[in-house]
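Position one of the sequence shown corresponds to residue 0 (numbering that gives the first Met the number 0), numbered consecutively onward. Virtual Cβ for every residue (Gly too), placed ideally from N, Cα, C.
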Amino acid sequence: MDYEVVIIGGGVVGLSCAYFSSKKFSTLLVERHPSFGWETSSRNSEIIHSGIYYPTGSLKAKLCVRGNKSLYKWCEEHNIPNKRLGKFIVATEPTEIEYLQQLYQRAKDNGVDGIQWISQKSLRKQEPNVKAIEALWLPSTGILNSHILMESLQVEAKSNGCDFAYRHEVVAIEKTSEGYYIGLRTDDGDTFNVQSKFVINSAGLESDTIARMLGMDVDSLGYRLCWAKGHYFRVKPAKSGLVNHLIYPVPPKDGNFLGIHLTLELDGGLKLGPDIVYLDERKQAYSVPEELLEKFSLSVSRYLDGLEAKDLIPDQAGIRPKLAYHSTNYPDFIINEESRNGFPGFVNLIGIESPGLTCCLEIGNLALRKIIDDTTP
């Protein structure tokens, strides 16, 4: 046996899994890119979420509320740049008030700290450029530097003895009587096998591909992913002071995203996004078309004065692993130890999108517990 645990994928969740696993087991993390966080983990809003949006009792709700606390603590202990800015969710039309009330109650049910109902007058005092008739205030929402967070997780995992195989792609997985053979291919085209007792599939955008590689029917299990691209536009520096907090619209009821929102950054910058565009094919193309500028400008004009299309410039884009089959606006994380499907010791982490960054420490800890005793949260 080469390792007790092999982790596939070097995003923020895979790194968290490596940290927790290496505290107990000999561990190898495999990543096809030259370093960690080349995909979803480095192309997002870098928000520490509160847990307000997700159905009560879901993994997303439980792990996000806990993750909000554990991530701030990790940031404090490891000197990760962060700011607890707070967030307003703003209603601009009377028709949005009912859904805002539902979100308020859900936050209470989920155990979100400090949520408050804010009047138009009170909001105007704090955000004079924001147009809204009522709002929710979430003081526990914040921002962080995700790259330094990922670096800290790698450092801690390495200090526990974890090995890292960057520039290695998983090309085959085979169940054996003792565990699993994982076939790897290097950048140079060399191939070899690594044997482990346990496997954690944290492959992000390709996590369903890994499950299918092992022989799982991703359609019958509900594991198939579709890719959803989100674009961001940066606000020119002259207008970056228009808001003092994170500003989110009331999300669309029939959507599967939080709406195009305003995010302050640690350096004082301001960006707008993301939107959501479902991709017909799996292609990692990260361009931001300038023709989207009007769409973004119109979207933010609903709740913000003083920002025009000429104040925006294309910034970045990210791709999220959305579950293809779901019955709710916020489909839950899939975090399953697969003994019931004939693959004991294999843990699937599939559909780990927002709030995956906030939940990263909780997911890593839960994945370890799944290996040890399949304990549920």
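Cβ neighbours of residue 73 within its own chain (closer than 8 Å, five residues either side excluded): 79, 148, 151 and 360. As for any beta strand (DSSP E) of minimum length 3 sitting wholly inside the stretch 244-324, the runs are 245-248, 260-263, 269-272 and 311-322, ordered along the chain. One alpha carbon belongs to residue 264, the other to residue 46, and they sit about 9 Å apart.
The alpha-carbon of residue 59 is positioned some 24 Å away from that of residue 278. Within a 10 Å sphere around the beta-carbon of residue 357 sit 16 or more other beta-carbons, which makes this residue buried. Residue nearest to residue 128 within the set 171, 170, 227 and 241 is 241 (criterion: CA-CA distance).
Under DSSP, residue 225 forms a beta bridge with 321. Spatial neighbours of residue 311 in its own chain (CB-CB distance under 8 Å, excluding positions within 5 residues in sequence) are listed in chain order as 232, 233, 234, 235, 271, 292, 295 and 296. Annotation for residue 6: the continuous beta strand (DSSP E) segment containing it runs 2-7.
Under the three-state reduction of DSSP output, residue 217 falls in the helix class. Residue 346 is positioned such that its CB atom lies no closer than 8 Å to that of residue 362. Distance from the Cα of residue 100 is smallest, within the candidate group 322, 184, 249 and 71, for 249. Excluding its 5 nearest sequence neighbours in each direction, residue 180 has C-beta neighbours in its own chain below 6 Å: 173, 192 and 194, listed in chain order. DSSP lists 181 as the beta-bridge partner residues of residue 193. Segment contact: the stretch 133-144 against the stretch 106-115, three or more CB-CB distances shorter than 8 Å; contact assigned. Within the same chain, Cβ atoms closer than 8 Å to the Cβ of residue 144 are found at 45, 79, 80, 81 and 265, the five residues on either side in sequence being excluded. Under DSSP, residue 118 forms a beta bridge with 133.
Leaving aside the five residues that flank residue 246 on each side, the residues in its chain whose CB is nearer than 8 Å to its CB run, in chain order, 86, 87, 89, 126, 129, 260, 261, 302 and 303. According to DSSP, residue pairing for residue 62 in a beta bridge does not occur. In the three-state reduction of the DSSP assignment, residue 203 falls in the helix class. For residue 89, the enclosing beta strand (DSSP E) has its first and last residue at 86-90. For residue 308 and residue 288, the gap between their C-alpha atoms comes out near 14 Å. Non-local beta-carbon contacts of residue 153 in its own chain, meaning distances under 8 Å to residues more than five positions away in sequence, involve 14, 17, 35 and 163 in chain order. Excluding its 5 nearest sequence neighbours in each direction, residue 106 has C-beta neighbours in its own chain below 6 Å: 51 and 114, listed in chain order. When DSSP states are grouped into helix, strand and coil, residue 167 belongs to the strand group. In the same chain as residue 57, and ignoring 5 residues on each side of it, the C-beta atoms closer than 7 Å to its own belong to 331, in chain order. Contact annotation, residue 221 with residue 320: C-beta distance approximately 14 Å; criterion of less than 8 Å not satisfied.
Minimum Cα-Cα distance from residue 342 among the listed residues 200, 70, 275 and 364 corresponds to 200. Counting the other CB atoms within 10 Å of its CB gives residue 282 a total below 16, which places it among the exposed residues.
Here residue 30 carries a strand assignment [DSSP, helix/strand/coil]. Residue pairing of residue 162 in beta bridges, as defined by DSSP: 27. Inclusion of residue 169 and residue 142 in the CB contact set at 8 Å is not warranted, their separation being larger than that value.
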